[in-house]
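*Asks:*
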Ligand SMILES: Cc1cc2nc3c(=O)[nH]c(=O)nc-3n(C[C@H](O)[C@H](O)[C@H](O)COP(=O)(O)O)c2cc1C
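In the UniProt record's numbering, the protein residues as written are 1 to 187.
1. DSSP three-state call for residue 149: helix, strand or coil?
2. At which residues does the alpha helix (DSSP H) containing residue 164 begin and terminate?
3. Would you kindly work out how many angstroms separate the C-alpha atoms of residue 108 and residue 147, rounded to a whole number?
4. Do residue 193 and residue 141 have their CB atoms nearer than 8 Å?
5. Report yes if the C-beta of residue 3 is less than 7 Å from at least one heavy atom of ligand 1; otherwise report no.
6. Exposed or buried, what is residue 151 when buried is set at 16 or more other beta-carbons lying within 10 Å of its beta-carbon?
7. What does the alpha-carbon distance come out to for the pair residue 129 and residue 185?
8. Residue 66 and residue 159: beta carbons closer than 8 Å?
9. My output table needs one value for residue 16: the three-state DSSP class, helix, strand or coil.
10. Nearest-angstrom Cα distance between residue 40 and residue 145?
11. To test your reading of the DSSP string, which unbroken alpha helix (DSSP H) runs of 4 or more residues are found completely within the region 66 to 152?
Here's what the structure looks like:
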């Protein structure tokens, strides 16, 4: 878990095989969910395929340099209402929570598989949903770029610099409380 992070320099020549992708998706599929509703769904886009080209067209500016280089992008949706056959979507309040947890499992499986991942929400969700046929009962939430680290010399200065920026977190005493919400939990 300590070695998971979100790199911005991917190796643009690396390919993921189906077995590696399946392992990531299985990790997400087996995550716990409220009432076992299993809202998380994924659209697998490999670098250069048609769906990937659609996504790349709709990336926000800050993501255009690094996302397209990743071996694959998994677009993440949460089922928030029953599908056409009345299946699933029966825990809409928890759908985003459950989907995020499924993705967390996937990102840790990526580390275990020797891969890296970087999630992103910076793209035109409505345009991508419309062009890739995301149904109304699924809310498109994010993408997960997956691959292996690349050479910083091959990317823009901005993306290369991001690689070496220190990772920061709010201190634990402003994250975990005891006795009453807001009162720091102290070990
Ligand atoms: C839902 C979500 C959306 C994100 N969107 C973007 C994004 O659009 N562009 C980007 O460069 N990083 C994005 N990130 C990555 C975060 O900035 C990153 O996870 C955070 O800074 C912590 O860094 P770490 O993952 O290396 O620990 C996103 C992460 C999540 C979970």
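A virtual CB, placed ideally from N, CA and C, is assigned to each residue, including glycine.
*Replies:* Let's see:
1. Translated into positions along the chain shown, residue 149 becomes position 149. DSSP places residue 149 in strand when its eight states are reduced to three.
2. As a working mapping, residue 164 is identified with position 164 in the chain shown. Unbroken alpha helix (DSSP H) run through residue 164: 157 to 164.
3. By 1-based counting over the chain shown, the position of residue 108 is 108. By 1-based counting over the chain shown, the position of residue 147 is 147. Their backbone Cα atoms lie some 13 Å apart in a straight line.
4. With the chain covering only 1 through 187, there is no way to say anything about residue 193.
5. The residue labelled residue 3 in the question sits at position 3 within the chain shown. No, the beta carbon of residue 3 sits no closer than 7 Å to any heavy atom of ligand 1.
6. Sequence index remark: in the chain shown, residue 151 carries index 151 (1-based). Residue 151 should be labelled exposed.
7. Your numbering for residue 129 matches position 129 in the chain shown. Your numbering for residue 185 matches position 185 in the chain shown. Each residue's Cα considered, the two are about 42 Å apart.
8. As a working mapping, residue 66 is identified with position 66 in the chain shown. As a working mapping, residue 159 is identified with position 159 in the chain shown. Going by C-beta atoms, residue 66 is nearer than 8 Å to residue 159.
9. Along the chain shown, one-based indexing puts residue 16 at 16. Residue state, collapsed to three classes: coil.
10. In the chain shown, residue 40 corresponds to position 40, counting from 1. In the chain shown, residue 145 corresponds to position 145, counting from 1. Computed Cα separation, rounded: 16 Å.
11. 92 to 112, 125 to 131
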